[in-house]
Amino acid sequence: MTREDLERTDDERRRKNRWVTDAIFCEDIQMLFVANSTRSIAIYEASGLKHEPYWLIMGVHHIIECLSYKNLYHTQSDNKLKCALFAGTSNGDVVMFKFIQPTTLLLRRKHMDRITLFYWDELKYEKIYLKIQSYKAVHNSNVEQMEYCSVENAVITCSKDPNVSLMKKYMSPNKQPYILKMRK
C-alpha cells in the first residue's frame, strides 16, 4: 500500500512493482505487520475475519527485509505488557520498535474511520506509544533473518556477509557482540 492507494478502492489502486518482503502475525495483540519494498510498514488489526488497516508507516530509510516480534516483559509495578518489533533492513541495520502500551493502542490513531498515516521521521514524536532504537550497520549486506533471545536480552541476526554471517547483538551497550564468520 502506498499513499496514493489510501483513497482508492482495490480495483482502482495504482499498479507498480512492489512486493511483500516479510509479514508477521502477533497473536497476543492481534495485529498483523506487513513490510514491503516501497519502504513502508502496514499494520492491520487482525482479531476478526476482516483485517482492518490501522496504520501505515512510510519513508523508512531502507527496505525492511525481515521482521521479528517478541513480548519483552510484564513490569511488576504496573503489570503492563511491553513488546517489541525488530526489523532487519536491506542496509544491514536492525531497528527495534518498543511498544509502550500494546494492549491499548500500538500507535496514536488520528482518524477512527480510516487508516492513519505516519512518516518515519514523525515517529520520534510518538513517545507515549513507541520508542525506536536503531543499530546501524550490524551487517554489510541485508539482514536475512533475526530472532530475539529474551534470556540474554539479545537479537541474533544472520546475513550473507562473509565477515559477519551471524551476530548476537546485546541490547545493553556494555556487552560486546558475538560475531561468527563464514566463508562463501
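Residue numbers (my numbering): 28 to 211. Just so it is clear, CB atoms sit at the ideal spot from N, CA and C, and this is done for glycine as well.
Consult DSSP for residue 46 and reduce its assignment to one of helix, strand or coil.
Reduced to three states, the DSSP call for residue 46 is coil.
Going by the CB atoms, is the gap between residue 159 and residue 96 shorter than 7 Å?
No.
Which value, in whole angstroms, describes the spacing of the CA atoms of residue 139 and residue 167?
Residue 139 and residue 167: Cα-Cα distance of roughly 41 Å.
In angstroms, rounded to a whole number, what distance separates the CA positions of residue 199 and residue 93?
Computed Cα separation, rounded: 22 Å.
When you compare only the Cα positions, how much space is there between residue 161 and residue 186?
For residue 161 and residue 186, the distance between alpha carbons rounds to 17 Å.
Identify every residue that forms a DSSP beta bridge with residue 191.
Answer is none; residue 191 lacks a bridge partner.
Note down the Cα distance separating residue 174 from residue 90, rounded to an integer number of angstroms.
Their Cα atoms are separated by approximately 18 Å.
How big is the Cα-Cα spacing for residue 144 and residue 133?
Rounded to whole angstroms, residue 144 to residue 133 spans 13 Å at the Cα level.
Classify residue 207: buried if its beta carbon has 16 or more other beta carbons within 10 angstroms, exposed otherwise.
Classification of residue 207: exposed, given that the 10 Å Cβ count is below 16.
From the DSSP output, read off the bridge partner residues of residue 116.
Answer is 91, bridged to residue 116.
If you count every other CB in all the chains shown that lies within 10 Å of the CB of residue 46, and 16 or more means buried, which is it?
Label assigned to residue 46: exposed.
Are the beta-carbon atoms belonging to residue 83 and residue 69 less than 7 Å from one another?
Against a cut-off of 7 Å, the Cβ pair of residue 69 and residue 83 comes out as a contact.
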